[in-house]
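In order, the protein sequences belong to chains A and B. Okay, so the first sequence: first residue is 1 according to the UniProt record's numbering, each after it adds one. Okay, so the second sequence: first residue is 1 according to the UniProt record's numbering, each after it adds one. Here a beta-carbon is modelled for each residue, glycine too, at the ideal position from N, C-alpha and C. So the structure is just underneath, and the comments pick up after that.
There are 2 protein chains.
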Amino acid sequence: MSQQRTGHEAGITGRVGAVTSGAVPDFPDLPEATVARLPEYLRALHHLAETGHDTVSSEGLALAAGVNSAKLRKDLSHLGSYGTRGVGYDIEPLVGQIEYILGLNMRRAVALVGVGNLGHALAGYAGFASRGFRIAALFDADLTRVGELINGIPVRHTADIPEVVKSEAISIAVLATPAGAAQAVADQLVAAGVTSILNFAPVVLNLPEQVDVRKVDLAVELQILSFHEHRKSARTEQANSAARSRAAAAGHAAAEQVNPPARAAGQGRVARVLGEAVNGAPVAALGEVAV
Amino acid sequence: MSQQRTGHEAGITGRVGAVTSGAVPDFPDLPEATVARLPEYLRALHHLAETGHDTVSSEGLALAAGVNSAKLRKDLSHLGSYGTRGVGYDIEPLVGQIEYILGLNMRRAVALVGVGNLGHALAGYAGFASRGFRIAALFDADLTRVGELINGIPVRHTADIPEVVKSEAISIAVLATPAGAAQAVADQLVAAGVTSILNFAPVVLNLPEQVDVRKVDLAVELQILSFHEHRKSARTEQANSAARSRAAAAGHAAAEQVNPPARAAGQGRVARVLGEAVNGAPVAALGEVAV
DNA sequence: ACCTGTGAAGGATTTCACAGCG
DNA sequence: CGCTGTGAAATCCTTCACAGGT
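Here it is in structure tokens:
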């Protein structure tokens with residue numbers, strides 16, 4: 001979940017696919033958590049199909065998709081019955097059903113805005129093309145980049161967004177602009193008719209609620225891992241603390257020290273005692289870490 | 001969320017930060033969902049600090065971070081009290097506390113493996129450097145790329161992973177290799193001492209449970225948005241169906257048609273009726289969409 | 001005998017709503 | 001009076017465990 005706001009966050013039901021009450025015929029009510037896992041199941045199923053399988057058990061598919069089998073069965077049960085008791089799931093019709101649900105039985109046209117460092121790489125990312133999407137247009141605000149060909153697609157100016165989005169019937173856009181430009185570009189995209197945005201810029205977009213937004217922030221992912229590293233260090237620190245408690249006078253800690261910052265609540269702030277860096281680099285002062 | 005498996009998924013408590021029972025002193029028990037939001041709060045706080053604020057209300061910070069204020073207050077309450085009733089939160093000490101919890105008061109060294117299309121862009125991504133990380137080493141299996149400088153950092157061969165990971169005391173790695181190579185590289189990284197991996201390769205990694213893994217699959221994000229597009233189409237389709245129900249004989253649908261695939265359950269498979277493409281592109285046959 | 005599909009239980013997360021402090 | 005901090009309620013999600021097909 002990472003992750004990830006989709007504009008339905010404030011929705012009433014948490015189920016997706018409902019109209020006002022009850023599901024659209026043949027479009028089942030799916031828990032958001034299930035939707036987020038379907039692509040992973042699909043990838044695993046394609047892989048199984050390519051390696052010659054035509055059925056798979058819940059256990060086998062769960063393993064390939066990195067979930068447990070009860071969760072997988074529950075998820076698939078929302079799609080209807082594609083399994084055979086005593087045997088497993090038929091891969092081919094299950095692939096068809098998941099692709100149908102995900103709206104992948106058409107090749108969706110996608111616009112990408114911002115062909116800087118990251119955007120350039122995304123424009124060339126083969127995974128989009130191979131998994132149901134067609135990059136139909138590239139945009140950048142920088143006139144010196146306009147006209148450049150990336151992967152055979154010309155970069156156009158952001159001023160052309162309305163025209164191109166309409167002519168190509170684009171409903172999904174990928175935003176890879178600098179943070180400062182993201183909101184304005186998103187507004188342009190939405191005005192042009194885009195209704196889903198994948199946002200790589202580290203800002204929260206403010207958009208009409210019918211627009212679905214998913215945010216991918218690469219630094220956030222590392223920061224979450226950093227938390228886990230810190231926690232692991234705190235554990236070993238505590239585990240070792242009895243053994244070290246007397247002998248540790250000198251300055252080479254075996255693991256990160258766990259020195260909480262001084263609490264500035266109430267009575268006067270105290271200079272924060274920073275933990276010793278484990279990898280030799282100087283500890284970053286707070287002000288240096290710009291966002 | 002998303003996603004994201006962190007190796008603790010099968011954990012007992014769902015709280016992170018506990019040793020076996022009870023929290024490490026000054027290292028609070030945090031719900032995983034809270035941990036995933038702290039980086040977003042941190043980004044918003046930095047932004048507020050840069051724009052001259054030194055306190056902020058839960059409402060204001062919630063707005064900047066894209067959550068509601070009740071959730072924000074609950075999250076921050078887990079960190080201890082940094083707010084003043086009637087006033088709001090003091091930004092500076094709160095930034096310090098969040099950075100401490102996330103383990104960002106050191107600049108963590110990160111290794112990046114795979115300098116292809118995406119990896120190259122990640123190596124140059126300024127957001128890593130500006131938000132607490134230092135790309136300390138680049139690796140690739142392709143000898144023709146070894147020696148190349150990217151952003152001033154030389155690309156080394158993957159065979160050097162053990163040596164460099166140790167000498168640079170790297171505990172976090174970013175995996176941007178092709179899918180086929182990812183598991184083997186991940187095994188090498190873990191053997192060398194890496195304990196957290198950010199995986200961009202579309203495969204599920206099988207690693208010891210003490211290793212934290214977060215997965216970012218760019219195509220998955222688009223597929224989730226595609227689901228929402230499909231759902232939105234199904235809604236308008238249904239909403240319009242009464243109005244159109246007689247007049248719609250000819251072939252230009254105003255929105256995507258909602259034709260569910262034929263169900264192959266039980267009695268004999270029927271050729272699936274695909275939905276009409278909305279943007280003129282031919283509908284992708286299932287087999288074409290490789291993963 | 002095996003494996004799916006699913007009620008029911010158990011957790012985790014979000015939201016409500018208000019007590020209590022500044 | 002305003003705003004945080006937080007029990008309690010509500011909702012969502014996962015896991016258990018087994019009934020029921022094949």
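Identify every residue that forms a DSSP beta bridge with residue i.
i	result
A/Lys215	A/Asn199
B/Ala173	B/Ala111 and B/Ile197
A/Leu149	A/Pro154
B/Asp90	B/Thr55
B/Ile135	B/Val110
B/Asp142	Looking at the DSSP assignment, B/Asp142 forms no beta bridge with any residue, so it has no partner.
Once DSSP output is grouped into helix, strand and coil, what is the label at residue i?
i	result
B/Val110	strand
B/Ala49	helix
B/Val185	helix
B/Tyr100	helix
A/Gly66	coil
A/Thr84	strand
A/Asp29	coil
B/Asp160	helix
A/Asp75	helix
A/Leu206	Residue identity differs from the one stated: residue 206 of chain A is Asn in this sequence, not Leu. DSSP places A/Asn206 in coil when its eight states are reduced to three.
A/Gly124	coil
B/Pro39	helix
A/Gly119	helix
A/Asn240	helix
A/Glu221	helix
A/Gly268	Low confidence applies to A/Gly268: its pLDDT is 31, below 50, so where it sits in the model is not reliable enough to give any reading.
B/Ala248	For B/Ala248, the predicted structure reports a pLDDT of 49, less than 50, and the residue's modelled location is therefore unreliable. The matter cannot be settled from this model.
A/Glu168	coil
Since residue i meets chain B, which of its residues come closer than 7 Å, beta carbon to beta carbon?
i	result
A/Ser171	Glu229
A/Thr195	Glu229 and Lys232
A/Gly114	Result: empty, since nearest Cβ-Cβ is about 12 Å, beyond 7 Å.
Note down the Cα distance separating residue i from residue j, rounded to an integer number of angstroms.
i	j	result
B/Ala141	B/Tyr125	21 Å
A/Arg235	B/Pro28	12 Å
B/Arg73	A/Leu94	43 Å
A/Lys215	B/Gln183	26 Å
A/Ala62	A/Ser69	5 Å
A/His228	B/Ser196	8 Å
residue 296 of chain B	B/Thr177	Limits of chain B in this structure are 1 at one end and 291 at the other, which puts residue 296 of chain B out of reach.
A/Asp54	A/Ala44	12 Å
A/Gly127	B/Ala219	6 Å
B/Phe200	B/Gln223	16 Å
residue 327 of chain A	B/Asn117	Only positions 1 to 291 of chain A appear in this structure, which leaves residue 327 of chain A out of reach.
A/Leu225	B/Pro39	11 Å
B/Leu112	B/Val146	13 Å
A/Val204	A/Gly52	44 Å
Nearest to residue i by CA position, among the options, is which residue?
i	options	result
B/Ile135	B/Leu118, B/Ile153 and B/Ala121	B/Ile153
A/Asp212	B/Glu221, B/Ala62, B/Arg214 and B/Leu205	B/Glu221
B/Gly86	B/Leu112, B/His53, B/Glu59 and B/Ile98	B/Glu59
B/Gly88	B/Ala36, B/Leu76 and B/Ile170	B/Leu76
B/Asn206	A/Val67, A/Val194 and A/Thr144	A/Val67
B/Gly132	B/Lys215, B/Gly103 and B/Glu148	B/Gly103
A/His78	A/Gln97, A/Leu63, A/Ala65 and A/Asp90	A/Gln97
A/Ala192	A/Val204, A/Val115 and A/Ser167	A/Ser167
B/Glu99	B/Ala137, B/Leu42 and B/Ile150	B/Leu42
B/Val115	B/Glu229, B/Ala181, B/His228 and B/Thr195	B/Ala181
B/Gln210	B/Asp90, B/Val194 and B/Ala36	B/Val194
A/Glu50	A/Glu40, A/Pro31 and A/Ile91	A/Ile91
B/Gly80	B/Lys232, B/Ile101 and B/Arg37	B/Ile101
A/Ser233	B/Ser171, B/Glu237, B/Asp217 and B/Leu175	B/Ser171
B/Pro208	B/Asp187, B/Pro202, B/Ser226 and B/Leu225	B/Asp187
A/Thr84	A/Arg156, A/Ser57 and A/Val185	A/Ser57
B/Val185	B/Glu40, B/Arg231, B/Thr144 and B/Leu138	B/Leu138
B/Asp217	A/Leu122, A/Tyr82 and A/Asn151	A/Leu122
Going along chain B, which residues have a C-beta under 8 Å from residue i?
i	result
A/Glu148	Under the 8 Å cutoff, chain B gives no residues; its nearest Cβ is about 16 Å from A/Glu148.
A/Ile101	Phe227 and His230
A/Val190	Here the premise fails: no neighbours, minimum Cβ distance about 14 Å.
A/Val110	Leu222
Closer than 7 Å by beta-carbon distance: list the chain A residues that pair up with residue i, in chain order.
i	result
B/Asn117	Ala121, Gly124 and Tyr125
B/Ile153	Those within 7 Å of B/Ile153 in chain A number zero; the least Cβ separation is about 14 Å.
B/Glu40	Val220
Closer than 8 Å by beta-carbon distance: list the chain A residues that pair up with residue i, in chain order.
i	result
B/Ala64	Val204
B/Phe139	Per Cβ cutoff of 8 Å: no residues; B/Phe139 is ~17 Å from chain A at best.
Taking C-beta pairs closer than 9 Å, name the residues in chain B that residue i reaches, listed in chain order.
i	result
A/Gln183	Ordered by position in chain B, no residue passes the 9 Å Cβ test against A/Gln183, which lies about 12 Å from the chain.
Counting only Cβ pairs nearer than 9 Å, list the residues of chain A close to residue i.
i	result
B/Phe128	Leu218, Ala219 and Leu222
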